[in-house]
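Just so you know, our numbering puts the end of the sequence shown at 479, numbered straight through with nothing missing.
Glycine included, each C-beta is placed from N, C-alpha and C at the ideal position.
Predicted model, so just to flag it, every value in this text is computed and none were measured.
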Amino acid sequence: MPKSATSHLKGLAKSHRVALSPTDRQATLMMEHAGWARVAANWARGRFQLAWFGRTDERNAGEWYAHVDVNPDGGQWMSDMDLRKDFNAIKSDLFEWSCPLSQYVSKNAIAHMGRGLDSWSEYCKERKRGKPRRKVGFPPLRKRRRKIAFTPSNGRNSIQVEGPNVRLPKIGWVRMREELRFEGDIMGVTVSRKGGRWFASFTVDTCLPAPAARPGPDTGIDMGVSTLATLWDGEEVEEIATPQALAPALKSLRRLDKAIARSIHTHGKHNPSQRRDILYAKRNRLHFDIANLRADHHHKATTQIAKRGGTVKVETLNVDGMKKNRRLARALSDAGMAEFVRQLEYKCHWYGTEFRRVDRWYPSSKTCSHCGAVKQSLLLSERTYRCNLCGFECDRDENAARNIQAYTGHKEPARTLNALPGPARSVGEEMDVEARRTRRREACARPGKRLPDNPSAIPTGSGGQV
């Protein structure tokens with residue numbers, strides 16, 4: 014049954030990535046469309062730099078922006094609509110080779126660049142106020158060998174699916190490895206190439222309302238490195254092992270990296286070669302296989318947890334800060350904690366399970382799950398929690414999962430700490446102390462680590478979204 018793209022959302026939206034089996038001609042057309050999207054995005058990025066900063070790092074600036082009157086002082090914000098108007102005025106002269114390709118690809122590429130610029134602007138405003146939620150950099154250049162992807166039109170009847178076939182504008186009917194798993198209206202599709210294979214990522218409006226709340230016990234989840242997740246539902250503890258997808262492939266990765274390093278500087282020259290391209294393809298495919306193993310492990314575990322019902326509570330970790338420890342960085346990256354929590358959050362919404370994040374400063378590992386006492390300090394090497402007040406003893410991760418499962422988000426009454434001698438603090442007071450210490454460390458940071466005080470680097474003015 015054909016499904017047409019719609020621009021409005023009627024119900025629960027779900028995404029699905031399907032592998033494609035294009036012919037040689039279709040694969041060539043896909044690569045041309047991906048290049049067209051890359052050129053359009055880089056042109057929009059350089060044009061915005063000229064308007065806002067008065068300069069650009071685009072190497073084709075002399076040819077692409079010869080018609081632009083550049084103000085050295087900059088200060089002019091350009092939205093994605095302004096960028097598209099300028100691009101449409103010059104694309105027939107500068108990019109004649111793009112006429113046989115779908116022009117909606119360039120439109121969507123510039124729209125994506127505009128959204129990236131808006132996110133960067135919002136971050137700069139929050140940084141100026143001293144309250145950035147997360148770090149967002151200026152959109153980077155899209156390189157030829159990285160992120161090979163494009164988005165065809167998502168207008169009505171532009172994307173059609175019939176059985177295991179999908180119709181893409183200017184490309185035709187492309188065979189899929191499997192049929193779509195979700196029924197509904199196709200809101201959009203993005204075609205990408207990873208690991209030497211082509212994929213189509215569909216966003217489907219299922220036209221179904223959000224599911225009702227599913228009854229079940231509350232589940233507390235403690236994240237870790239040796240054990241990815243420790244679950245406690247009030248009756249029994251369950252452990253989910255880390256994927257360990259990288260360790261078996263490290264030897265092959267080292268061998269390929271050495272071969273690539275030897276091929277780059279041959280006789281003192283840096284010349285491209287077909288052999289090096291083959292080595293790059295092998296390494297990319299190996300990384301792709303590692304990522305697939307990790308994703309498969311995460312999907313199976315998060316689906317099982319999301320179907321439990323009730324409320325799922327997960328601790329909030331500063332993974333970026335933890336990665337600064339060079340002894341833990343590789344293991345943390347291989348575990349994929351952030352991706353695990355991201356999948357768990359949207360799947361809980363799919364299955365009617367409530368999802369809650371526990372406050373980052375809640376001392377779940379230091380708190381005794383039996384009496385509520387809080388330790389002053391707890392080393393990472395202490396894998397067994399022993400309470401000096403009541404004598405309770407259990408695994409460190411299990412104790413943290415118990416505390417997360419009982420977390421309500423409110424300050425607990427004061428209890429005696431395990432620190433002897435010394436004054437007792439409540440759980441809430443301990444959290445306040447940790448917050449004050451963090452603010453003090455940030456205030457006393459080295460000058461090179463402080464946030465920039467130059468107001469000229471922060472987007473201000475109209476249209477930009479300030």
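The straight-line gap separating the alpha-carbon atoms of Phe66 and Lys156 is approximately 22 Å. Cβ neighbours of Ser28 within its own chain (closer than 7 Å, five residues either side excluded): Ser214, Phe215, Thr216. A Cβ-Cβ separation of about 6 Å places Ser205 in contact with Ile161 under the 8 Å criterion. The DSSP-derived three-state label of Leu33 is strand. The beta carbons of Asp231 and Ser377 sit no closer together than 8 Å. Closest option to Arg343, judged by alpha-carbon separation, among Arg415, Met94, Leu263, Asn84: Leu263.
Contact between Asp410 and Gly247 is ruled out by a C-beta separation of about 16 Å, above the 8 Å threshold. Between Phe368 and Val332 the beta-carbon gap is near 18 Å, outside 8 Å, which marks them as no contact. The Cβ neighbour count for Cys112, taken over all protein chains shown within 10 Å, is under 16; the residue is labelled exposed. In this structure, Lys336 lies near Ser346, with their beta-carbon atoms less than 8 Å apart. Counting only runs of 4 or more residues that sit fully inside the segment 73-102, the alpha helix (DSSP H) segments are 74-77, in chain order.
Rounded to the nearest whole angstrom, the C-alpha separation of Leu341 and Asp198 is 44 Å. In the same chain as Ala53, and ignoring 5 residues on each side of it, the C-beta atoms closer than 7 Å to its own belong to Phe100, Ser119, Ala122, Ile123, in chain order. The residues Phe61, Ala64, in chain order, have a CB closer than 6 Å to that of Met91 in the same chain once the five nearest residues on each side in sequence are set aside. Counting only unbroken stretches of 3 or more residues, the beta strand (DSSP E) elements lying wholly within the segment 174-204 are 178-181, 185-189, in sequence order. Annotation: Ala348 to Arg298 spans about 20 Å, alpha carbon to alpha carbon. Here Trp374 carries a coil assignment [DSSP, helix/strand/coil]. Ile277 counts as exposed, since fewer than 16 other C-beta atoms from the protein chains shown sit within 10 angstroms of its C-beta. Counting the other Cβ atoms within 10 Å of the Cβ of Lys148 gives fewer than 16, which makes it exposed.
DSSP, reduced to helix, strand and coil, places Gly404 outside both helices and strands of the structure shown, so it counts as coil. Counting only runs that start and end inside the segment 297-359, the beta strand (DSSP E) elements of at least 3 residues fall at 324-328. Beta-carbon to beta-carbon, Pro228 and Gly322 are separated by about 5 Å, close enough to satisfy the 8 Å threshold. The beta carbons of Leu114 and Ala57 sit no closer together than 8 Å. When Cβ pairs closer than 8 Å are counted between the two stretches, the segment 290-308 is seen to touch the segment 266-273, the count reaching three or more. A Cβ-Cβ contact shorter than 8 Å links Pro35 with Met43.
DSSP, read as helix, strand or coil, puts Gly143 in coil. Under the three-state reduction of DSSP, Arg227 is assigned to coil, being neither helix nor strand. In this model, Thr329 and Ala351 are separated by some 10 Å (Cα to Cα). By the neighbour-count definition (other C-beta atoms within 10 Å, threshold 16), Pro165 is a buried residue.
Each residue's CA atom was taken as its position, placing Lys138 and Asp372 some 25 Å apart. In the DSSP annotation of this structure, the continuous segment of the alpha helix (DSSP H) that includes Ser276 starts and ends at 263-277.
Exclusion of the five residues before and after Thr219 leaves Gly24, Leu25, Ala26, Lys27, Phe195, Glu196, Gly197 as the residues of its chain whose Cβ lies within less than 8 Å of its Cβ.
In the three-state DSSP reduction, Phe151 falls in the coil class, being neither helix nor strand. The C-beta distance from Met126 to Pro152 rounds to 6 Å, short enough to meet the 8 Å contact threshold.
DSSP links Leu393 through a beta bridge to no other residue. By the neighbour-count criterion, in which 16 or more other beta carbons inside 10 Å mark a residue as buried, Trp49 falls on the buried side.
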